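Engineer: First, the structure itself, so that you have it in front of you.
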Amino acid sequence: MTAPTGSLLAAERLRKVYGQTVALDGADFSVHPGEVVAVLGPSGSGKSTLLHCLAGIVPPDSGSITYDGQELTTMTDARRSALRRTEFGFVFQFGQLVPELTCVENVALPLRLNGTSRKEAERAALGWLERLEVDGLRGKRPGEVSGGQGQRVAVARALVTRPRVLFADEPTGALDSYNGERVMELLTDAARSTDAAVVLVTHEARVAAYSDREIVVRDGRSRDMERAV
Ligand code: ADP
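Per this note's numbering, the very first residue in the sequence shown carries number 1; after that it's consecutive.
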């Protein structure tokens with residue numbers, strides 16, 4: 001089997017075993033540029049393991065993962081780290097912002113790590129804070145902002161490097177429904193406008209509703225649910 005035509009990131013027959021636990025048991029996946037794919041399934045079904053394999057964080061025991069025509073599983077660690085830094089963006093359940101830095105410094109950080117000057121990085125960061133409608137928080141530290149505001153800052157930080165793939169693992173899991181929906185709206189709009197592919201792990205149907213396509217994981221196996229339009 002080959003990856004679906006036009007997919008930017010695709011996986012086939014992924015298997016990952018932790019001790020006695022089969023976390024992935026032949027999972028497939030694919031996402032196109034500009035497409036938001038929700039990975040749904042009950043707790044413990046293998047969603048996070050799938051995301052971590054796709055992002056090159058966890059090596060699968062077997063199976064193949066192709067990103068932009070390159071096989072991820074046989075790349076050197078250095079090359080995989082470089083991809084994560086420059087082409088992938090991440091949003092987690094709890095923003096994981098650096099508490100000592102202001103919001104604008106947090107968003108600028110990935111660019112600073114890639115060698116961009118402070119002035120340039122902070123200018124780009126401010127642009128993203130504006131897009132996420134939290135530019136008023138630029139000088140505040142994460143401890144001084146609400147959970148919903150912090151997640152918007154985290155989304156800005158994930159997109160500031162213009163990643164080609166955005167990985168979001170339960171990005172609204174710690175938010176109330178109003179803030180969760182607003183974060184999803186802003187995240188998916190911003191990603192679509194930059195043609196980024198989004199891998200969105202969630203166990204909530206209301207969050208998955210923001211996706212273009214759903215993949216359901218159960219007992220480590222995936223099933224593509226073509227949504228009826
Ligand atoms: P989900 O994200 O759907 O909740 P996970 O991918 O986190 O599921 O986990 C799938 C299964 O693999 C679970 O039974 C979990 O306990 C197990 N698992 C995941 N990561 C590890 C790990 N690092 N060590 C041991 N078991 C793990």
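Just so it is clear, CB atoms sit at the ideal spot from N, CA and C, and this is done for glycine as well. Keep in mind it's a predicted model, so treat the numbers as computed, not measured.
Where does Pro142 land, buried or exposed, given buried means 16+ other C-beta within 10 angstroms?
Structural biologist: buried
Engineer: Quick one: using the 10 Å Cβ neighbour count with 16 as the cut-off for buried, is Phe29 buried or exposed?
Structural biologist: buried
Engineer: Comparing C-alpha positions only, which one of Thr86, Ala156 and Arg84 sits nearest to Glu133?
Structural biologist: Ala156 is the residue among Thr86, Ala156 and Arg84 whose C-alpha sits nearest the C-alpha of Glu133.
Engineer: Could you tell me how far apart the beta carbons of Leu200 and Ala168 are, in whole angstroms, since I believe they sit closer than 8 Å?
Structural biologist: 5 Å
Engineer: If you run the structure through DSSP and keep just helix, strand and coil, what is Met184?
Structural biologist: helix
Engineer: Nearest to Pro59 by alpha carbon, out of Lys47, Asp68, Ser193 and Leu72?
Structural biologist: Leu72
Engineer: Can you give me the C-alpha to C-alpha distance between Tyr67 and Gly26, rounded to a whole angstrom?
Structural biologist: 18 Å
Engineer: Taking a cut-off of 5 Å, which residues have a beta-carbon closer than that to any heavy atom of the ligand ADP, in chain order?
Structural biologist: Tyr18, Thr21, Ala23, Ser43, Gly44, Ser45, Gly46, Lys47, Ser48 and Thr49
Engineer: For the beta strand (DSSP E) that Thr28 lies in, which residues bound it at each end?
Structural biologist: This sequence places Asp at residue 28; Thr is not what is there. First-last of the beta strand (DSSP E) with Asp28: Thr21 to Val31.
Engineer: In chain order, what residues of the same chain have a beta carbon less than 8 Å from the beta carbon of Asp135, not counting five sequence neighbours either side?
Structural biologist: Leu126 and Leu129
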